[in-house]
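Protein sequence lines correspond, in order, to chains A and B.
Residue numbering for the first sequence follows the UniProt record's numbering, starting at 1 and increasing by one per position.
Residue numbering for the second sequence follows the UniProt record's numbering, starting at 1 and increasing by one per position.
A quick write-up on the structure given underneath.
Protein chains: 2
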Amino acid sequence: MFQDQQVNAPLIGVPGGRHLLDTPALLIDLPAMTRNIERMAAFAKARGVSLRPHVKTHKSVEIARRQVAAGAIGVSCVTMGEAEVMVQGGIPGVLITSPAVTPSKISRLIRLAQRARPGDVMVVVDNPQNLADLARAAGELTHPLDVLVDYGAGYNRTGCATQAKVLELAALVAAEPRLRLRGLQSYAGNLQHIVAREERSAAAAALRETVAGIVAAARRQGLNFDIVTGAGTGTHDLDSQENAFTELQAGSYVFMDAEYSRVLANGDQPSPFETSLFVQTAVVSTNAADWVTVDGGTKCFSTDSGVPVVAKGADAASHYAFFGDEHGKLMPSPASQAPKPALGARVEFVTPHCDPTVNLHDAYHVVEGGTLVAIWPVDARGRR
Amino acid sequence: MFQDQQVNAPLIGVPGGRHLLDTPALLIDLPAMTRNIERMAAFAKARGVSLRPHVKTHKSVEIARRQVAAGAIGVSCVTMGEAEVMVQGGIPGVLITSPAVTPSKISRLIRLAQRARPGDVMVVVDNPQNLADLARAAGELTHPLDVLVDYGAGYNRTGCATQAKVLELAALVAAEPRLRLRGLQSYAGNLQHIVAREERSAAAAALRETVAGIVAAARRQGLNFDIVTGAGTGTHDLDSQENAFTELQAGSYVFMDAEYSRVLANGDQPSPFETSLFVQTAVVSTNAADWVTVDGGTKCFSTDSGVPVVAKGADAASHYAFFGDEHGKLMPSPASQAPKPALGARVEFVTPHCDPTVNLHDAYHVVEGGTLVAIWPVDARGRR
Numbered sequence: 001m002f003q004d005q006q007v008n009a010p011l012i013g014v015p016g017g018r019h020l021l022d023t024p025a026l027l028i029d030l031p032a033m034t035r036n037i038e039r040m041a042a043f044a045k046a047r048g049v050s051l052r053p054h055v056k057t058h059k060s061v062e063i064a065r066r067q068v069a070a071g072a073i074g075v076s077c078v079t080m081g082e083a084e085v086m087v088q089g090g091i092p093g094v095l096i097t098s099p100a101v102t103p104s105k106i107s108r109l110i111r112l113a114q115r116a117r118p119g120d121v122m123v124v125v126d127n128p129q130n131l132a133d134l135a136r137a138a139g140e141l142t143h144p145l146d147v148l149v150d151y152g153a154g155y156n157r158t159g160c161a162t163q164a165k166v167l168e169l170a171a172l173v174a175a176e177p178r179l180r181l182r183g184l185q186s187y188a189g190n191l192q193h194i195v196a197r198e199e200r201s202a203a204a205a206a207l208r209e210t211v212a213g214i215v216a217a218a219r220r221q222g223l224n225f226d227i228v229t230g231a232g233t234g235t236h237d238l239d240s241q242e243n244a245f246t247e248l249q250a251g252s253y254v255f256m257d258a259e260y261s262r263v264l265a266n267g268d269q270p271s272p273f274e275t276s277l278f279v280q281t282a283v284v285s286t287n288a289a290d291w292v293t294v295d296g297g298t299k300c301f302s303t304d305s306g307v308p309v310v311a312k313g314a315d316a317a318s319h320y321a322f323f324g325d326e327h328g329k330l331m332p333s334p335a336s337q338a339p340k341p342a343l344g345a346r347v348e349f350v351t352p353h354c355d356p357t358v359n360l361h362d363a364y365h366v367v368e369g370g371t372l373v374a375i376w377p378v379d380a381r382g383r384r
Numbered sequence: 001m002f003q004d005q006q007v008n009a010p011l012i013g014v015p016g017g018r019h020l021l022d023t024p025a026l027l028i029d030l031p032a033m034t035r036n037i038e039r040m041a042a043f044a045k046a047r048g049v050s051l052r053p054h055v056k057t058h059k060s061v062e063i064a065r066r067q068v069a070a071g072a073i074g075v076s077c078v079t080m081g082e083a084e085v086m087v088q089g090g091i092p093g094v095l096i097t098s099p100a101v102t103p104s105k106i107s108r109l110i111r112l113a114q115r116a117r118p119g120d121v122m123v124v125v126d127n128p129q130n131l132a133d134l135a136r137a138a139g140e141l142t143h144p145l146d147v148l149v150d151y152g153a154g155y156n157r158t159g160c161a162t163q164a165k166v167l168e169l170a171a172l173v174a175a176e177p178r179l180r181l182r183g184l185q186s187y188a189g190n191l192q193h194i195v196a197r198e199e200r201s202a203a204a205a206a207l208r209e210t211v212a213g214i215v216a217a218a219r220r221q222g223l224n225f226d227i228v229t230g231a232g233t234g235t236h237d238l239d240s241q242e243n244a245f246t247e248l249q250a251g252s253y254v255f256m257d258a259e260y261s262r263v264l265a266n267g268d269q270p271s272p273f274e275t276s277l278f279v280q281t282a283v284v285s286t287n288a289a290d291w292v293t294v295d296g297g298t299k300c301f302s303t304d305s306g307v308p309v310v311a312k313g314a315d316a317a318s319h320y321a322f323f324g325d326e327h328g329k330l331m332p333s334p335a336s337q338a339p340k341p342a343l344g345a346r347v348e349f350v351t352p353h354c355d356p357t358v359n360l361h362d363a364y365h366v367v368e369g370g371t372l373v374a375i376w377p378v379d380a381r382g383r384r
């Protein structure tokens, strides 16, 4: 059993257990997460698109199960290790959203595809040499390997650079008897965090037009693009318009972090999803005049997108600053009349960026109000 | 067995195995790390100070054992989890460098101190209330609990704010029969990364004078300050002068990252320690005109201190940029005539900041030249 579970497991069901946790502890507000899962499922259903949520956000079989139970057709994974964990956990419809290139990754892919039911493991491809390598390796399978062609929308992080390249590669896949062409991936990471709604909307509309053009051209050539997958939490409402995409890969909506809450607020309307992920810290030093020190630093919160935001246990106007590997500096607002948090007091934060923050923790502490109701492992933490 | 070991273990001893690793993979250049360990041990011996290296850098029992074998008197740990792992691994002289405050942490501390030999677990304190809590809990021990008073040098992250507070707290410790006063901690994190040597030197000299003053005053009062602990890799050569400190807590010297290599270079002279820690990635997409995409991103490299620096496999003038959770953008210098790295090619990087980068990985891949010679777990990864 991993350490976080050993230390905090005796608190499950104990009244007020949330306030006795060994810190720092990653928390899920279960009712809030459940509402997020249900809301996105209902939204997708109403729009007539499928949902294949990205598990790089949570890396948890338990949460994937709940997403599938609410209507998701499967999950998206960026690493082979995430896909292995999900297949092992019995999750169907696993799409690997990044190419499997090295001999080691291809070998793991083939073993995984053989272990899963046909069609339950799919991978994207963006390169003819990689396609040939996959086709050769797929010779070991008792069924064809399912492949989607990746289009380099937005960042051009992975994916074919042009429509012509997409069609060329799709034709090569279709011609390989050991591969089965399933569709197109077009994920525009660059659009997800544009806070200005008009700008995000215009950019997403332009991408939908491009994607629709590619899909129409492929279908004219008789290529099977049944699946058109993409979209994140920041564009889920835009990418589900006009039937350009058949499914959404949004992931962060289950938790919502400080960044996405800003993106999805729309004028006076707050985000349709609630923050359900928090980190609880404790105050470990109180000797400075202008701050207290809490026990969460750069090994507890990701540092790529700003700083944690106080949610509970301290004045909301307090500011956090990173203060080394295991510490944070919590500075009350100079205007505040409230006393500083006391030694040992618990302070909870909204995470600056949920995905890489979750990856720093071994376990979720699942709470309902003041009660710890379960501890779930972050199953695919660190899995490549 | 953890996943990284499963995947790469068959490559141990295989010629050229370093170039066949499942990626991304954290690498240790064993001869370079061994030289660093020996050099710091010889340096401390020559200066007549002890060495209690900080294991927050490596979180590895195997590396701690090698440091102790080379002459270290023990290890420093910032979290209780690190200390538990080290005691479990048989490492002596474990100093916990941050206060243990919550009931959970105090309870773990007491269990750990009872399990270790007397004197092999020590903790710092900076607050009278915490001292009282420790003294009460130490009533369960069959030997007194070893305590150092923490002085808030530099950052004032933890520690007493003034000499008067240090002496007051030390007197309280000395008066508690269940506690044993061992000395003073004064760690100045703010000095470690000052690149300008003159400036770092002047600031360290001022701190040494303050520390010497505190220690002299304590000794005049008959307080036992046998241990005076502090110093990091950035100030090890400064803090070992004039007998202000009895021991050094430096940690990063075993690996050296991009940041510390800049700090320790002295005019024409390179750093006395070599980079021994690398991350190997593979190229997974090559469709963009101006970059290739490698499979290491924000879940592979810490983002708090700049970007990874190319060490091997690509033109040294290439630049890395973070490109999402699992990807990096590797941009060749526009002036370079060399071809871009090919699909599947391995590119190795120096880490921007070693401590939080190590904490993202489950295992070290230990190499000598092109051969993988061992895989070591990052034992205390994620342990709080």
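Think of the CB as a built atom: it goes at the ideal place given N, C-alpha and C, for glycine as much as any other residue.
Looking at the C-beta of residue i, does it have a partner C-beta in chain A at a distance below 8 angstroms?
{"i": "ARG39/B", "result": "no"}
{"i": "CYS77/B", "result": "no"}
{"i": "TYR253/B", "result": "no"}
{"i": "LEU343/B", "result": "yes"}
{"i": "GLN129/B", "result": "yes"}
With a cut-off of 8 angstroms, does the C-beta of residue i fall near any C-beta of chain B?
{"i": "GLU198/A", "result": "no"}
{"i": "TYR320/A", "result": "no"}
{"i": "LEU134/A", "result": "no"}
{"i": "PRO356/A", "result": "yes"}
{"i": "LYS312/A", "result": "no"}
{"i": "ASP239/A", "result": "no"}
Thinking just about the alpha-carbon of each residue, which of the options is nearest to the one in residue i?
{"i": "ILE214/A", "options": "LEU264/A, ALA170/A and ALA175/A", "result": "ALA170/A"}
{"i": "LEU184/A", "options": "VAL173/A, ARG66/A and PRO352/A", "result": "VAL173/A"}
{"i": "residue 409/B", "options": "ALA316/B, LEU30/B, TYR320/B and PHE349/B", "result": "Any answer about residue 409/B is impossible in this case: the structure gives chain B only from 1 up to 384."}
{"i": "ALA9/A", "options": "GLU259/A, ALA363/A and ARG384/A", "result": "ALA363/A"}
{"i": "GLY48/B", "options": "PHE225/B, SER98/B and PHE245/B", "result": "PHE245/B"}
{"i": "HIS54/B", "options": "ALA69/B, ALA70/B and GLY74/B", "result": "GLY74/B"}
{"i": "VAL101/A", "options": "TRP376/B, TYR155/B, ALA205/B and ALA345/B", "result": "ALA345/B"}
{"i": "ASP133/A", "options": "PRO352/A, LEU179/A, GLY93/A and LEU238/A", "result": "LEU179/A"}
{"i": "ALA161/A", "options": "SER285/B, LEU145/B, ALA218/B and ALA70/B", "result": "SER285/B"}
{"i": "VAL87/B", "options": "GLY328/B, GLY119/B and PRO341/B", "result": "GLY119/B"}
{"i": "ASN287/A", "options": "ALA282/B, ARG157/B, PHE278/B and ARG197/B", "result": "ARG157/B"}
{"i": "VAL211/A", "options": "MET256/A, VAL195/A, GLY152/A and ALA265/A", "result": "GLY152/A"}
{"i": "PHE225/A", "options": "ASP239/A, SER186/A and LYS329/A", "result": "SER186/A"}
{"i": "LEU167/A", "options": "VAL283/A, LEU148/A, TYR155/A and GLY154/A", "result": "LEU148/A"}
{"i": "GLN221/A", "options": "GLY324/A, ALA204/A, ALA164/A and VAL94/A", "result": "ALA164/A"}
{"i": "SER305/B", "options": "GLY296/B, CYS354/B, GLU326/B and SER98/B", "result": "CYS354/B"}
Where does residue i fall in DSSP's three states?
{"i": "VAL378/B", "result": "coil"}
{"i": "ILE227/A", "result": "strand"}
{"i": "MET33/A", "result": "helix"}
{"i": "MET1/B", "result": "Any reading at MET1/B needs caution, since the residue's pLDDT is 41, under 50, leaving its predicted position unreliable; the model's value is listed next. Reduced to three states, the DSSP call for MET1/B is coil."}
{"i": "HIS22/A", "result": "According to the sequence displayed, residue 22/A carries Asp and not His. Correct three-state label for ASP22/A: coil."}
{"i": "GLN269/B", "result": "strand"}
{"i": "ASP146/A", "result": "strand"}
{"i": "GLU259/A", "result": "helix"}
{"i": "ILE12/A", "result": "coil"}
{"i": "THR371/A", "result": "strand"}
{"i": "GLU247/B", "result": "strand"}
Would residue i be called buried (16 or more neighbouring beta carbons within 10 Å of its own) or exposed?
{"i": "LYS45/A", "result": "exposed"}
{"i": "ALA338/A", "result": "exposed"}
{"i": "SER333/A", "result": "exposed"}
{"i": "GLN192/A", "result": "buried"}
{"i": "VAL14/B", "result": "exposed"}
{"i": "PRO270/B", "result": "exposed"}
{"i": "VAL378/B", "result": "buried"}
Would residue i count as contacting chain C if we go by Cβ distances under 8 angstroms?
{"i": "VAL7/B", "result": "Among the chains of the structure shown, chain C does not appear; the protein chains present are A and B."}
* 4 or more residues per run - each alpha helix (DSSP H) lying fully within the UniProt domain "D-serine dehydratase-like" (276-368) of chain B -> Counting only runs of 4 or more, we get 354-358.
* To do: Starting from the N-terminal side, write out each stretch of the beta strand (DSSP E) that is 3 residues or longer and does not extend beyond the stretch 51-97 of chain B.
  => As far as the stretch 51-97 of chain B is concerned, its whole beta strand (DSSP E) runs of at least 3 residues are 75-77 and 94-96.
* Which ranges does the alpha helix (DSSP H) cover as unbroken runs of at least 4 residues, wholly within the stretch 149-201 of chain B, from first to last along the chain? -> Listed in chain order, they are 163-175.
* 4 or more residues per run - each alpha helix (DSSP H) lying fully within the stretch 113-141 of chain B -> If you keep only unbroken alpha helix (DSSP H) runs of at least 4 residues inside the stretch 113-141 of chain B, you get 128-137.
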